[in-house]
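Participant:
Protein chains: 2
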Amino acid sequence: MRKNIRIKDIALKAGVSIGTVDRVLHKRGEVSEETKQKIQQIIDDLDYRPNLLASSLASKKIIVFATLMPKASSQDTYWSKPQLGIEKAVNQLKAYGVRIQQFFFDMDDSMSFSVQAGKLLEANPDAVLMAPWAKREAIRLSGKLDEKNIPYIYIDATLEETSPIGFVAQSSSDSGYLAAKLIDWGVKESSLILLIHVAKELDNASHLIQRERGFIRYFEEKKKTHRILKIEVSGTGEEIVLHLKKLGIDPCEVAGLFVTNSKVHLAADCFKSLCVTPKIIGYDLIPQNIKLLKEGKIDFLICQKPELQGFHAIHLLFDSLVKKDTIKKENFTSIDLITKENIDFYNSI
Amino acid sequence: MRKNIRIKDIALKAGVSIGTVDRVLHKRGEVSEETKQKIQQIIDDLDYRPNLLASSLASKKIIVFATLMPKASSQDTYWSKPQLGIEKAVNQLKAYGVRIQQFFFDMDDSMSFSVQAGKLLEANPDAVLMAPWAKREAIRLSGKLDEKNIPYIYIDATLEETSPIGFVAQSSSDSGYLAAKLIDWGVKESSLILLIHVAKELDNASHLIQRERGFIRYFEEKKKTHRILKIEVSGTGEEIVLHLKKLGIDPCEVAGLFVTNSKVHLAADCFKSLCVTPKIIGYDLIPQNIKLLKEGKIDFLICQKPELQGFHAIHLLFDSLVKKDTIKKENFTSIDLITKENIDFYNSI
DNA sequence: ATTTTTTCCGTGTTCGTTCACGAAAGTAAA
DNA sequence: TTTACTTTCGTGAACGAACACGGAAAAAAT
């Protein structure tokens with residue numbers, strides 16, 4: 001039978017009523033210091049753990065987690081994925097009184113993050129899950145949350161200058177390092193390899209820089225003889241070819257190509273139309289990338305499980321706030337290698 | 350507030366007591382046919398879903414899942430991994446009254462499966478989770494379970510001749526196919542590639558055969574010029590070299606090597622001692638393999654998340670038996686590619 | 001000394017469900 | 001017709017926890 005310690009057992013041992021034990025547990029009402037310490041000692045000695053089923057059944061409390069995320073767009077569908085995980089987690093926790101309130105900012109509008117952050121603060125949620133996109137604004141928001149004693153957790157990246165209760169993200173530099181290993185595994189010695197950033201503002205995307213660092217670090221550590229060429233473009237595949245032309249490089253010379261984010265489809269489309277087939281590695285299972293992967297035009301997609309990040313972060317908030325468990329601060333998602341051969345079996349949560 | 354339909358709402362609508370609704374829901378006691386149909390209609394119309402928290406709190410029922418698994422040994426620690434996932438899942442479901450009763454068979458003793466299967470049947474569990482190892486015995490056991498109306502689920506593989514409510518496993522042939530892609534990606538054209546089975550009885554390990562088939566299929570489909578050499582050994586790496594010598598092949602000619610199970614460390618150790626460095630791909634994160642992977646002696650380990658298989662299977666049993674959800678019958682785990690660079694971030698559950 | 005206020009605590013109800021007990025009505029047997 | 005048995009159903013208590021209400025005792029104010 002279920003042999004858990006109950007509030008009743010503590011009350012019997014302390015010679016008080018269960019109402020008094022409840023007051024100590026929840027810092028509710030008033031209990032004399034002497035009685036409080038006696039009860040707390042017994043709680044600690046017996047390692048009392050509330051029955052979560054009973055607790056949630058009896059409690060009328062609604063727990064609100066607010067989320068602050070980039071709005072997914074037709075050009076960038078990546079950000080719809082953490083939503084899926086968040087919604088799945090909240091659905092699982094619904095019976096426990098957990099609800100979400102979602103706030104979305106426009107990545108192309110520099111005021112948007114601040115506006116939505118303001119709304120989020122007004123909502124006064126129990127906890128916050130956010131993607132720390134605009135660094136300065138995110139730091140400001142986290143300061144406000146600290147003042148209000150509202151715990152928060154990051155997904156996708158973390159910010160060193162702030163005090164989240166945790167984060168869920170992939171190690172960007174290690175994923176870049178692995179990309180380098182894969183390219184090296186597949187190309188001849190002394191090949192020309194492209195490292196490509198596709199981003200409007202590299203400032204807001206420090207994880208792209210980290211990926212680059214990891215990638216370069218591999219070749220330096222291994223003393224490889226490949227030629228690595230870095231290219232930064234803001235939005236089209238054609239820009240890549242223009243860069244190569246300016247440098248007097250024929251695209252046919254490119255043996256391998258690493259794009260530091262989900263925009264790898266732009267590069268792959270571009271080389272596809274040139275009938276050039278370098279080894280191509282990029283990130284994320286967005287529809288355009290999946291299509292090209294299945295056509296064999298992209299060789300590997302590195303996935304960071306955005307869905308799982310959202311899912312796991314909500315569960316961490318729940319564990320911390322409701323179950324009062326100690327949670328891990330650093331939660332790295334696996335660096336998943338997806339190919340045309342294994343994609344159909346890939347579970348993102 | 351929580352707006353779920355309660356038993357009380359159904360009782361009010363049907364003009365009966367909550368006790369009668371409960372009796373209909375659980376096919377308990379006796380209710381007249383007329384009253385039963387009226388209540389059932391309302392249950393369906395309102396799509397009533399029990400509050401699982403309240404149900405488990407009130408119910409004294411203990412739900413026993415029995416497991417029938419190979420005993421892990423010092424030479425083969427793989428089978429300790431599903432245990433971890435099973436135990437984690439059961440711990441999560443403990444508050445709902447779920448318990449496990451575990452039965453282990455010795456893979457080297459042909460009677461052991463039958464003996465343990467007999468004990469399992471005597472225990473008369475609510476459901477069974479098993480690894481269908483000894484095919485004939487497993488079929489016999491599943492027939493017995495069918496007679497007793499005890500649902501069962503497989504991990505690691507499935508048996509076509511039986512009627513499990515589901516299985517959780519990796520697609521063996523697709524994982525072999527991916528191994529072929531990886532080897533092909535990394536070796537020169539027309540290389541010598543070894544396909545190695547390390548097993549005492551191939552009969553009991555049809556998934557090794559499936560992996561082989563997938564591996565060979567890749568090269569046939571792509572019309573590759575590599576030379577594929579199949580070797581079967583029963584237990585040591587030295588046997589591999591003996592086979593090569595009998596065929597007049599110098600180990601230095603081996604460019605790539607694929608071992609169809611977790612015994613890849615035997616082959617890697619062997620080639621390591623010969624100071625030969627083919628590309629090496631095998632399965633499973635057992636300690637010996639992890640060590641060699643981190644030393645760079647094994648290039649890829651394909652992982653099928655045994656821990657997750659156990660975890661997921663328990664949750665599927667719970668969803669099916671307790672929540673009365675419809676569960677997916679075929680649950681393929683992802684085909685994970687693990688390297689020295691991403692292993693530290695790999696989460697097996 | 002008396003009255004008012006504060007502190008402290010016990011008790012009862014709630015949450016949604018499970019399950020045992022026994023009363024009432026209907027049916028069958030003597 | 002009376003007695004015994006069966007069917008059907010309502011009611012109350014249990015599960016463990018949350019939380020509101022109010023009574024009793026102690027402390028503070030008059």
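Residue numbers (my numbering), protein chains in the order written: chain A, 1 to 349; chain B, 350 to 698. Glycine is no exception: its CB is placed at the ideal position from the N, C-alpha and C atoms.
Relative to the alpha-carbon of residue 196(A), which residue among 259(A), 41(A), 48(A) has its alpha-carbon at the smallest distance?
Facilitator: The residue with the shortest Cα to Cα distance from residue 196(A) is 259(A).
Participant: Which residue from 576(B), 390(B), 433(B) puts its Cα closest to that of residue 529(B)?
Facilitator: With distances taken between Cα atoms, residue 529(B) lies closest to 576(B).
Participant: Taking 9 Å as the threshold (beta carbon to beta carbon), is residue 346(A) in contact with chain B?
Facilitator: At least one chain B Cβ lies under 9 Å of residue 346(A).
Participant: Within its chain, find whatever has a CB closer than 6 Å to the CB of residue 311(A); leave out the 5 residues flanking it on each side and keep chain order.
Facilitator: Same-chain partners within the cutoff: 85, 88, 89, 349.
Participant: What three-state label does DSSP hand residue 575(B) in the structure shown?
Facilitator: Residue 575(B) falls in the coil class under three-state DSSP.
Participant: Under three-state DSSP, which class holds residue 326(A)?
Facilitator: The answer is coil: DSSP assigns residue 326(A) none of H, G, I, E or B.
Participant: Over what stretch of residues does the alpha helix (DSSP H) that includes residue 309(A) continue unbroken?
Facilitator: Run containing residue 309(A): 306 to 321, per the alpha helix (DSSP H) assignment.
Participant: Report back the beta-carbon spacing between residue 686(B) and residue 649(B) to the nearest angstrom; my notes put them in contact at under 8 Å.
Facilitator: Residue 686(B) to residue 649(B), Cβ: 6 Å. Contact.
Participant: From the DSSP secondary-structure annotation, give me the bridge partner or partners of residue 259(A).
Facilitator: Bridge partners of residue 259(A): 196(A).
Participant: Looking only at C-alpha atoms, which of 586(B), 475(B), 678(B) sits nearest to residue 620(B)?
Facilitator: Among 586(B), 475(B), 678(B), the Cα nearest to that of residue 620(B) belongs to 586(B).
Participant: In the segment 479 to 534 of chain B, which residue ranges form an unbroken alpha helix (DSSP H) of at least 4 residues, counting only runs that do not cross its ends?
Facilitator: Complete alpha helix (DSSP H) runs here, min 4: 484 to 496.
Participant: Could you check which residue in 249(A), 283(A), 96(A), 39(A) has the C-alpha nearest to that of residue 400(B)?
Facilitator: Among 249(A), 283(A), 96(A), 39(A), the Cα nearest to that of residue 400(B) is on 96(A).
Participant: Taking the alpha carbon of residue 146(A) as the point to measure from, which residue in 133(A), 161(A), 155(A) has its own alpha carbon closest?
Facilitator: Comparing Cα-Cα distances from residue 146(A) to each of 133(A), 161(A), 155(A), the minimum goes to 161(A).
Participant: Relative to the ligand SAM, is the shortest distance from any of its heavy atoms to the C-beta of residue 177(A) smaller than 8 Å?
Facilitator: Of ligands this structure carries none, so the ligand SAM is not represented either.
Participant: Report the start-end ranges of each beta strand (DSSP E) in the segment 431 to 460 of chain B that is 3 residues or longer and not cut off at the edges.
Facilitator: List check, beta strand (DSSP E) in window: 447 to 454.
Participant: How would you label residue 572(B), buried or exposed, when you count the other beta carbons within 10 angstroms and need 16 or more for buried?
Facilitator: Exposed is the call here.
Participant: So if DSSP puts residue 652(B) in a beta bridge, which residue, or which two residues, is it bridged to?
Facilitator: Its beta-bridge partners are 685(B).
Participant: With 7 Å as the C-beta to C-beta threshold (strictly closer), list the residues of the segment 272 to 288 of chain A near chain B in chain order.
Facilitator: Cβ contacts with chain B come from no residue of the segment 272 to 288 of chain A.
Participant: Checking the sheet assignment: what are the DSSP bridge partners for residue 70(A)?
Facilitator: Answer by DSSP bridge pairing, in chain order: 105(A).
Participant: Counting only beta-carbon separations shorter than 9 Å, does residue 341(A) have a partner in chain B?
Facilitator: Closer than 9 Å: yes.
Participant: With the cut-off set at 9 Å, would you say residue 340(A) and residue 294(A) are in Cβ contact?
Facilitator: Their beta carbons are under 9 Å apart, which means residue 340(A) touches residue 294(A) by this criterion.
Participant: Please state whether DSSP places residue 636(B) in a helix, a strand or coil.
Facilitator: Residue 636(B) falls in the helix class under three-state DSSP.
Participant: Going by beta carbon distance, what residues of the same chain come within less than 7 Å of residue 125(A), once the five residues before and after it are set aside?
Facilitator: Once the five neighbours on either side are set aside, the close Cβ partners of residue 125(A) are 64, 65, 66, 101, 150.
Participant: So that I know if they touch, is there some Cβ in chain B lying closer than 9 Å to that of residue 318(A)?
Facilitator: Not an interface residue.
Participant: Kindly say whether residue 216(A), judged by its beta-carbon, lies nearer than 9 Å to any beta-carbon of chain B.
Facilitator: It does not; no Cβ of chain B falls within 9 Å.
Participant: Compare the Cα-Cα distances from residue 418(B) to each of 605(B), 678(B), 656(B) and report the closest residue.
Facilitator: Of the candidates 605(B), 678(B), 656(B), the one whose C-alpha sits nearest the C-alpha of residue 418(B) is 656(B).
Participant: Among 318(A), 54(A), 212(A), 133(A), which one has its Cα closest to the Cα of residue 174(A)?
Facilitator: Closest option to residue 174(A), Cα to Cα, is 212(A).
Participant: In chain A, what lies closer than 7 Å to residue 530(B) by C-beta?
Facilitator: Near residue 530(B) (Cβ distances below 7 Å), the residues of chain A are 339, 341.
Participant: Which residues of the segment 518 to 550 of chain B have a Cβ closer than 7 Å to any Cβ of chain A? Give them in chain order.
Facilitator: Of all residues in the segment 518 to 550 of chain B, 520, 523, 526, 527, 530, 534, 535 have a Cβ within less than 7 Å of some Cβ in chain A.
Participant: Can you list, in chain order, the residues of its chain with a C-beta nearer than 7 Å to that of residue 671(B)? Leave out the 5 residues immediately preceding and following it.
Facilitator: Hits under 7 Å: 412, 445.
Participant: What would DSSP say about residue 127(A), mapped onto helix, strand or coil?
Facilitator: It is a strand residue.
Participant: Please report the residue range of the alpha helix (DSSP H) in which residue 644(B) lies.
Facilitator: Note, residue 644(B): premise wrong, no alpha helix (DSSP H); not H, not E.
Participant: Which residue marks the beginning of the alpha helix (DSSP H) containing residue 369(A), and which one marks its end?
Facilitator: There is no way to answer for residue 369(A), as the model of chain A reaches only from 1 to 349.
Participant: Select from the segment 30 to 56 of chain A all residues with a C-beta closer than 8 Å to any C-beta belonging to chain B, and list them in chain order.
Facilitator: Listed by position, the residues of the segment 30 to 56 of chain A near chain B (Cβ gap below 8 Å) are 51, 52, 53, 54, 56.
Participant: Roughly how many whole angstroms lie between the Cα atoms of residue 502(B) and residue 514(B)?
Facilitator: Their backbone Cα atoms lie some 6 Å apart in a straight line.
Participant: Does the separation of the CB atoms of residue 119(A) and residue 182(A) fall below 9 Å?
Facilitator: Against a cut-off of 9 Å, the Cβ pair of residue 182(A) and residue 119(A) comes out as no contact.
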